[in-house]
Every structure is written in C-alpha cells, then in structure tokens.
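Student:
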Amino acid sequence: ISKLRDKLEAIAKELELANRESFLSSIASERAADLAALPIRETTKSAKTIDTAQHKAESHGKLKSKDRKPRKQMKPQPYGCVSCHSLSDCSRAAAQGFNWESWKQGWYHKLMDQADEFADLGITCIWLPPPTDSVSPQGYMPGDLYNLNSKYGSQEDLKRCVAKLQSKGLKVLCDIVINHRCAQKQDKNGIWNVFGGKMAWDAEAIVVNDRKFKGRGNRATGDEFAAAPNIDHMQDYVRKDLTDWMEWLRDDVGFDGWRFDFVRGYGGQFVREYVLATEPHYVVGEYWDSLDYDGSVPRINQDRHRQQTIDWITAAGGAATAFDVTTKGILHAVFEKDELNRLRDGEGRPPGVMGWWPSRATTFLENHDTGSTQGHWRFPEEGHEQGLVYLMTHPGTPCLFYDDMLEPKKKDMIQKLVALRQKAGINCRSEVYIKHAQKYLYVAEIDGSLLMKIGKAKYEPDGQQWKALESGKNWGIWQRA
8 ISKLRDKLEA
18 IAKELELANR
28 ESFLSSIASE
38 RAADLAALPI
48 RETTKSAKTI
58 DTAQHKAESH
68 GKLKSKDRKP
78 RKQMKPQPYG
88 CVSCHSLSDC
98 SRAAAQGFNW
108 ESWKQGWYHK
118 LMDQADEFAD
128 LGITCIWLPP
138 PTDSVSPQGY
148 MPGDLYNLNS
158 KYGSQEDLKR
168 CVAKLQSKGL
178 KVLCDIVINH
188 RCAQKQDKNG
198 IWNVFGGKMA
208 WDAEAIVVND
218 RKFKGRGNRA
228 TGDEFAAAPN
238 IDHMQDYVRK
248 DLTDWMEWLR
258 DDVGFDGWRF
268 DFVRGYGGQF
278 VREYVLATEP
288 HYVVGEYWDS
298 LDYDGSVPRI
308 NQDRHRQQTI
318 DWITAAGGAA
328 TAFDVTTKGI
338 LHAVFEKDEL
348 NRLRDGEGRP
358 PGVMGWWPSR
368 ATTFLENHDT
378 GSTQGHWRFP
388 EEGHEQGLVY
398 LMTHPGTPCL
408 FYDDMLEPKK
418 KDMIQKLVAL
428 RQKAGINCRS
438 EVYIKHAQKY
448 LYVAEIDGSL
458 LMKIGKAKYE
468 PDGQQWKALE
478 SGKNWGIWQR
488 A
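Residues in the sequence shown are numbered consecutively from 8, following the working numbering.
#1: Going residue by residue through the segment 408-482, where are the continuous alpha helix (DSSP H) segments of at least 4 residues, counting only ones entirely within it?
#2: Bridge partners of N237, per DSSP?
#3: Whose C-beta lies closer than 6 Å to the C-beta of R306 among residues of the same chain, with five residues either side of it excluded?
#4: Indicate whether N348 and A444 have their beta-carbon atoms separated by less than 7 Å.
#5: To the nearest angstrom, how far is it from the Cα of N225 to the Cα of C406?
#6: Beta-carbon separation of C181 and F262 under 7 Å?
#7: If distances are taken between C-alpha atoms only, which option among C168, V179, W107, L155 comes closest to W134?
#8: If you follow the beta strand (DSSP E) that Q103 is part of, which residue opens it and which one closes it?
#9: Under 8 Å by Cβ, that's how I've got D318 and E293 pegged, so tell me the actual separation to the nearest angstrom.
#10: Could you say which of A475, A431, L457, L165 lies nearest to R99 if we only look at CA atoms?
#11: Where does V341 land, buried or exposed, given buried means 16+ other C-beta within 10 angstroms?
#12: Looking only at DSSP bridge pairs, what is Q193 linked to?
#13: Rounded to the nearest angstrom, how far is the Cβ of Q145 from that of W199, given a contact under 8 Å?
#14: Scan the segment 199-234 and note each continuous beta strand (DSSP E) run of 3 residues or more that stays entirely inside, going in chain order.
#15: For the segment 313-330 and the segment 384-394, state whether three or more C-beta atom pairs, one from each stretch, are separated by less than 8 Å.
#16: Out of curiosity, what's the CA-to-CA distance linking N237 and F277?
#17: Excluding sequence positions up to five away, which residues of its chain have a Cβ less than 6 Å from the Cβ of T196?
#18: With burial defined as no fewer than 16 other Cβ atoms inside 10 Å of the residue's Cβ, what is the status of V396: buried or exposed?
#19: Secondary structure at G160, three-state DSSP: helix, strand or coil?
#20: Please look up how many angstroms separate the CB atoms of S379 and W107, rounded, as I've assumed it's under 8 Å.
#21: Do P402 and M361 have their CB atoms nearer than 7 Å?
#22: Contact defined as beta carbons within less than 8 Å: I believe W482 pairs with E392. What is the distance between those atoms, to the nearest angstrom?
#23: Just tell me which of L448, R356, L152, P138 has its CA closest to the CA of D248.
#24: How should P365 be labelled, buried or exposed, when 16 other C-beta atoms within 10 angstroms of its C-beta is the threshold for buried?
#25: Taking T400 as the reference, which of W485, G274, T333 has the closest Cα?
#26: Taking 7 Å as the threshold (C-beta atoms), are G203 and Q193 in contact?
#27: Have a look at the DSSP bridge pairing and note the partners of T370.
#28: Would you kindly work out how many angstroms separate the C-alpha atoms of V245 and D258, rounded to a whole number?
#29: Measure how close the beta-carbons of A122 and K166 come, nearest whole angstrom, since I'm counting them as under 8 Å.
#30: Can you give the Cα-Cα distance for W473 and D251, rounded to whole angstroms?
#31: Determine the direct distance from the alpha carbon of V201 to that of A234, and round the result to whole angstroms.
#32: Figure out for me which residue from V332, G275, T404, I183 has the closest Cα to the Cα of R1.
#33: Could you check what DSSP says for T334 in three-state terms: helix, strand or coil?
#34: In terms of residues, what are the limits of the beta strand (DSSP E) holding V290?
#35: Beta carbon of F232, beta carbon of N186: below 7 Å?
#36: Could you check what DSSP says for P387 in three-state terms: helix, strand or coil?
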C-alpha cells in the first residue's frame, strides 16, 4: 500500500490532477471506492490515476471489497460508470447494430427503419460499423478516414441515420479502426505505404517493426496486424490528425462515443488521450486474447486472462471500458460442460472482468466475429437464455448482438430483461452476493433486492422474502417482497 501510494503521488503530481493533501485523503477515505465510477467529464478534471490504481489494489484484495455480502437496502450510487452522466445511464443496455453481412443491404437506411424497434426494446446505446471507405466491405481495412462513403451507405445517409437513432433516445457509438490503415499509393520501391486524403502520411507514420510495409516510425507499442500498415501512435502529428478526425466525427457526423477496434495493437495510453480529447458518452475497447487451457478444456481460474484486460484498462487511465471476453469464455465452459461452479472465483466474486472492475466491463455473448456468418466462437445455443439472464442481472454494461434482437423469441426475452434491469436499478457497479455456485446451480443476490438462478437444479427461495418476476427453462428471477 505504501509503495502504491508513493507511485500514485508521483503520477498525480506529473499530471497536475490533484494536490498531495487531497490525493492522500482520497486514498485513505471510503470515497476512493467511488472514484472508479466517475463520469468521463469528471475524471478528465480530477484524479483518474487514483481511480485506476485504487481499483487495481481493490482487485487484489488490498482494499475492502463491496462485492462479498448482499446489501439489505439499496443505496444510490453518487456517480454513474465511465462516461455515464447519471445512474440511469449506468443501467443502460448497449447493442451492436450490425452483423458481418450488413454491408450488403444499404445498412443506414435499414437502421433508420428499425430505430423505433430499438427504442421499444429499451436499448439506450447502439454501436455502428466502421463508417470509412475500406478495402474490405465490412470496414475493418480503412483507407481515407475522411471518406465516409462506404458499403453501408453515403456520408449523408450516415448523418441521417445517427440523427434518427438519437431522436429515439439512443446514443450512437462509432467503430474506430486506428490500429492500421491501408495506403492509397506505392512508394518508389513499390511498397504500399503512401497514404492519401487529408491525412497524407508516409512510411514514417508506420511502426518501424512493420517490415512488410517498410515502416520508418517508432517501435510498436502493441501487437502487429499483418494485413495492413500498422499506425505509429508515437508520432505527434499522427495523434493530432486522429484526434481532429474523431472530433469531426463527433461534431459533424454526431457520434456520441467510440468502440475501439483491436486495441492490442497500440498502447492504451493513446486511447486515453483520444478519449480525453473527445469526451465521449461511452467508450469500449476490443482487447481480445485466448483463455488459459489445460489441453482442450478451459481452466477454472482465468485470473491471468482477466488481468490482461484490467492492465489495458489501467493503461488507458480508466477512461474506457473493455469487452469482458473472460466472462464470455467462462460462460461457454459453463454451458458446454454443465459446470456452473465456474461462476464464482476464489474470493467469492464473479470470475470475469466484472468481478474485478465492473464499471469498466462491457459484457456480451455474441458479436459479428464470434457469431453471424463467421461463427468463430459461437455461443452455445442451449445456454443462450441463461447467459442473457446472467448478463442482464449482473454488473457491467451488457452489449446485445444485432442478430439476437431480430429473432422473435430472443427479442421478447431481451425486452423483458432490459425492462427488468432498468426497473430494478441494476447498474454497472451493482453488488453481487453469490449464494450458490455448484455444478448444476448458480444463485446470486444483486444489490440486496434481486435474486436470480440459472442451472438445471431446482431452486425455490423463501416465498415470504422473494416474489417471482420472470422465469424460463432452467432460470428464474425474483425481487425482494
């Protein structure tokens, strides 16, 4: 704790975010536990470094955790989660507004037609595909970032789509692909490393260890992406160009927030810089890594895996959430092997990122890569309902997949669960008390006011204490009577 305090003092002084007295006071007080939930505009002006390092200390059991016992009375949180401006924001349900084949269908017009449908589902935040012209039709191989005429529609179509969704009360996230960029021209040696458009870069904007594209910039701060030139975020002019572009997306197009693609490719500190410059409503990064396995079986303990995600969030200064890939992987094993005991870690907490830093966890079952027509890691269908119940009753911010919102049976269930989550006040920092985590049964109490059960084993709570709300095959939800 002493070493951590010294390190935090140095960081706070360097960033001029807090003076010594207020900094040490925050560390010593219970208020420090609330700093992990400051909204983005608040953390921009205060000690965000306190937030992240404090949470890491809490994650490793060095500070008292609130997640172990149920509260008998719900107390309102003083702040929402990262980028949230109220507690109602913090109970949001986000959604991915496309799949892998959406580029074929005049997508912006389709989303405009479905805006009322999304609003009726209770969705409050929707993530749109990469909007720029791209070598690949899905948008993940961008070229001229200012050219917003893509396979999904024209720039004007996009602006109308964003405005229509916002008119229905939805916040709109843009998929930001800035790990790599496809060049428009070849250099004198025939290498595709000369960029066109407003960001007319050359090989100095490519990391030096990108040998395929003969980069002449600085060394990479993340993993290499082999298919396109890897952007050097260490270059001041590159960061300025990208910041200007994101500000333009916010101010001219109207986007409210960002989903950062392939954040393993560049340092989290750059995400922090872009976020603080653009002040988005919500931010999520795609930090993806394989789980730990014993042969072909996922290990029960996935602490190393979730720690990597936590480390990235910390590197980003706590300014972004991350997709909780750990929780998705554990849920796969739970339903493929009937091992619900995996849903409690050694400290009695949820075993994913949501168990260590819930306000920075964006939870999900499926996306355009894992499901859709790609099906790289499709969620087990027999566990889908129970998986939804788990996500929608637990902390973090659940992100629903477009295909699931179209299927009638899943759509009806999603609508019920979103309404239940919001009515119960479940939010990104709700407290979880796990009552049972056995092979065929998982039972958890949320915020002392909600009880949920999944698994094949039968379970009925005390009828004098709990009133049934919703139920289905192998799951049930109750509220305190």
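Yeah, the Cβ is synthetic: ideal placement off N, Cα and C, and Gly gets one too.
Tutor: Straight from the coordinates:
#1: 409-413, 415-431
#2: H187
#3: D299
#4: In contact: N348 and A444 (Cβ atoms closer than 7 Å).
#5: 35 Å
#6: yes
#7: V179
#8: For Q103, the enclosing beta strand (DSSP E) covers residues 101-103.
#9: So it is not a contact: roughly 15 Å between Cβ atoms.
#10: A431
#11: buried
#12: BP columns for Q193 point to W199.
#13: Incorrect: roughly 20 Å between the Cβ atoms, too far for contact.
#14: 199-201
#15: no
#16: A straight line joining the alpha-carbon of N237 with that of F277 spans about 14 Å.
#17: Rather than Thr, the amino acid found at residue 196 in this sequence is Asn. Correct list: empty, nothing qualifies.
#18: buried
#19: strand
#20: With a beta-carbon spacing of about 4 Å, S379 and W107 fall inside the 8 Å limit used to define contacts.
#21: In this structure, M361 lies closer than 7 Å to P402 by Cβ.
#22: 6 Å
#23: L152
#24: buried
#25: The candidate whose alpha carbon is nearest that of T400 is W485.
#26: no
#27: The partner list for T370 (beta bridge, DSSP) reads P405.
#28: So the alpha carbons of these two residues sit roughly 20 Å apart.
#29: Incorrect: roughly 14 Å between the Cβ atoms, too far for contact.
#30: For W473 and D251, the distance between alpha carbons rounds to 53 Å.
#31: Distance between the alpha carbons of A234 and V201 is about 15 Å.
#32: With the chain covering 8 to 488 only, the question about residue 1 has no answer from this structure.
#33: T334: helix per DSSP, three-state reduction.
#34: 290-292
#35: yes
#36: coil
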